[in-house]
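Mind the numbering: the sequence shown is residues -30 to -1, 1 to 507 in mature numbering (1 follows the signal peptide of the UniProt record, and there is no 0), read in order.
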Amino acid sequence: MGWGAGSAGRCCRLLGLLLCLSGALQPAETLQVLMGSTPLIVSLNDNISIPCEISGYNTAELDIKNVGVTWYLKTPRADQEEKVFTFHAGAHISHRNGASMSDSDLRRGNAALSLPQIQFKEAGIYRCYVIVTPSDAHGTAVLEVVAQPEVSLSPKEVTIESDKEKTLSCEVNKFYPNLVDIKWMKISKNNQDSSVAAEDIHTGASVENEDGTFNVTSILRLQPSLQDDGNVYRCIVSHKTFPAKLLLNSTLTVTAPKSDLGTIIGAVIGTIIACIIVLGLGTFVYCRCLKKNVHELDKAECSLEVTHKALQQCPAVQSRTLKVIAVPVLDPVLCSTDVPRPDEHLTLTCTVHSFFPETIDLVWYKDEQVPEKPFISDATKGPEGLFFCTSTLTFCPKVEELGKKFICKAQFKGSHQYRESAWMLKNLSFPRITGIVLSPNDVEYGKPLSLTWKVMDFYPKDIQVHWFQEDGEIEKCSSVQEPKQDTRGFFYMSSNLQLIPSALDYGRKIGLMVMHKIPPPRKCVKNKQTPSLSGIL
């Protein structure tokens, strides 16, 4: 039927256009994002790729003009996600140096994120949020960044006179995470294994390097007899990056002593060294073995008595009164909601633990100002004699507080040393999109049609609004109002699109995409007014 076939034909065609425009864009039936169920473990400075497989769309290949992908990262010590990479209708926006995605892979449903030179601070939970107009889906993957230790044992061969002293040093360097186990074992000439006395072992505290890795050294003190000649001492190192325990050996050769003045002088020097080692081991035993009795050691008296024939009848004695202090540890501040709103109370919680004595001051700051008085629980003694407590701060956030840090600070009474943990108010609300307004309400071929959509209640001001259709973005005939601020401090705006429908517009689908710093709720927005427009946030 042609255009001039009568009013009945024209009414039929107009009805067809209205029915098409009033139908909401149907979502893919089973849009899914698959990212793997096991943690992805990578090494420091590796170039990595985090998988994100898209399935459930209804075409052989994806039209990337209708696809949006946003990668987020939540680190263990962060309270909110941060953007890593954004893909929108062919545009690539990297929020991390070197981050990238492949257009060709995305067409085949692979939205993998490539990250060069991965660092420890980038470990955490990665979320791949995918929009295939108008449906959305997301998945998560856990990324762990590790560094395999460099282990050395020196010397590898030891020659020593009987009853003299020497030390073996097992160095474990450049490892991450800071969890390593070092053990010593003695293997006698008849291949019998036996443990080494704990008092002969001194393992220091791990030391952090500039790149975030750690070093630690374990020292074994030897004072063998002639029967120990030929024994092998083994350093056994366990770390997450090792598929099995790492074993390093040192062979011992013991010779008979020489009876001369040098031997006597050496014995005196050896005694002095032994005293130094005993003092060191005393500190080590306290740190490793007596930590659970820390409250009993406070104000105790520690004495060291050295007796030697060179001292004649008077032994050397040194005493010291112990004052035990355990510096408080503050966990990251937790917020009671992921989406703070100005009309709702939120609660910040900070747990303070592992401190001694119990006399501690807790204060909350908003930048440099002191907010309302927080709640602080009573200090409770744990099974190891250390104390813990919890402090909470409840308030209604305001627009002017965006970007402010809320800091929980802990310090001992009368001390200038303190520890703190902070939380920042980064957002208050995500944009709200109102219903579409058509002018005129009745769509007719050849006559102008105005489509207007309002975006409300967003902050900060920066926002992007794009009109699009099935074959790409609509750059002409659209206008975007400059955002204005209401009395509450939030912004609002509107966007307008001017069209003149024709016969070629039959079945045409039009949508609006809003891009803002604040992430939207995870749902598909549909509008069933006439004509129907698919909404993407």
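Glycine residues also receive a C-beta, built at the ideal position from the N, C-alpha and C atoms.
Check: Is the segment 160 to 180 touching the segment 108 to 118, taking contact as three or more C-beta pairs under 8 Å?; Outcome: no
Check: Counting Cβ pairs, one atom from each stretch, are 3 or more of them under 8 Å apart for the segment 314 to 333 and the segment 361 to 381?; Outcome: yes
Check: Which residues does DSSP pair with E23 in a beta bridge?; Outcome: L4 and N80
Check: Relative to the C-alpha of V294, which residue among Q288, E314, P302 and F325 is closest?; Outcome: F325
Check: Where does the unbroken beta strand (DSSP E) through Y415 begin, and where does it stop?; Outcome: Where Y415 is concerned, there is no enclosing beta strand (DSSP E), given that its DSSP letter is neither H nor E.
Check: Helix, strand or coil, according to DSSP, for C257 in the structure here?; Outcome: Interpretation of C257 is limited by its pLDDT of 42, a score under 50 that renders its predicted location unreliable; no figure is taken from the coordinates.
Check: Fully enclosed by the segment 173 to 209, which beta strand (DSSP E) runs are 3 residues long or longer?; Outcome: 184 to 192 and 202 to 209
Check: Note down, in chain order, each residue of its chain lying with its Cβ closer than 7 Å to the Cβ of L217, except the 5 sequence neighbours on either side.; Outcome: R204 and I206
Check: Do the segment 415 to 430 and the segment 397 to 407 touch if we need at least three Cβ pairs shorter than 8 Å?; Outcome: yes
Check: One question on the structure: do V322 and P344 come within less than 9 Å of each other, judged by their Cβ atoms?; Outcome: no
Check: Helix, strand or coil for V369 per DSSP?; Outcome: helix
Check: Rounded to a whole number of angstroms, what is the C-alpha to C-alpha distance between Q87 and V12?; Outcome: 11 Å
Check: Take E275 and list the residues in its own chain whose beta-carbon comes closer than 6 Å to its own, dropping the five residues that flank it on each side.; Outcome: P285 and V287
Check: Which of the three DSSP states, helix, strand or coil, is assigned to A61?; Outcome: strand
Check: Can you tell me which residues form a DSSP beta bridge with V54?; Outcome: DSSP, once it has assigned bridges, lists no residue as partnering V54.
Check: Quick one: grab the DSSP three-state call for E445.; Outcome: coil
Check: Considering only the alpha carbon of each residue, which of E180, Q381 and E52 lies closest to R97?; Outcome: E52
Check: Between which residues of its own chain and E178 is the CB-CB distance below 7 Å, once the five residues before and five after are set aside?; Outcome: F184
Check: Can you tell me which of A117, S289 and K156 puts its alpha carbon nearest to the alpha carbon of F90?; Outcome: A117
Check: For D170, which of helix, strand or coil comes out of DSSP?; Outcome: helix
Check: Run through DSSP, which three-state label would K144 get?; Outcome: strand
Check: For E328, I'd like the list of residues in its chain whose CB is within less than 6 Å of its CB, leaving aside the five on either flank, ordered along the chain.; Outcome: A349 and F357
Check: For the beta strand (DSSP E) that contains L217, what are its first and last residues?; Outcome: L216 to T225
Check: Hey, is the segment 17 to 33 in contact with the segment 100 to 108, meaning 3+ C-beta pairs nearer than 8 Å?; Outcome: yes
Check: Would P310 and P367 qualify as a contact pair, given that the criterion is a beta-carbon distance under 9 Å?; Outcome: yes
Check: Work out the CA separation of A296 and G355 for me, nearest whole Å.; Outcome: 10 Å
Check: If you draw a straight line from the alpha carbon of L300 to that of D331, how long is it in whole angstroms?; Outcome: 13 Å
Check: Taking C-beta to C-beta, are L192 and E135 nearer than 9 Å?; Outcome: yes
Check: Around the C-beta of I20, are 16 or more other C-beta atoms found within 10 angstroms, so that it is buried, or is it exposed?; Outcome: buried
Check: Taking Cβ positions only, does A107 come closer than 9 Å to chain C?; Outcome: Absent from the structure: chain C. Only one protein chain is present.
Check: For D75, does the three-state DSSP call read helix, strand or coil?; Outcome: helix
Check: Beta-carbon within less than 8 Å of T137's beta-carbon, same chain only, minus the 5 sequence neighbours each way: which residues are those?; Outcome: I189, L190, R191 and L192
Check: Using a threshold of 9 Å, state whether the C-beta atoms of C305 and W393 are closer than that.; Outcome: yes
Check: In whole angstroms, what separates the C-alpha of S158 from that of T211?; Outcome: 30 Å
Check: Along the chain, which unbroken stretches of the beta strand (DSSP E) at least 3 residues long are found entirely within the segment 304 to 350?; Outcome: 316 to 325 and 330 to 336
Check: Just confirm the distance between the C-beta atoms of C22 and L83, as a whole number of angstroms; I'd bet it's less than 8 Å.; Outcome: 7 Å
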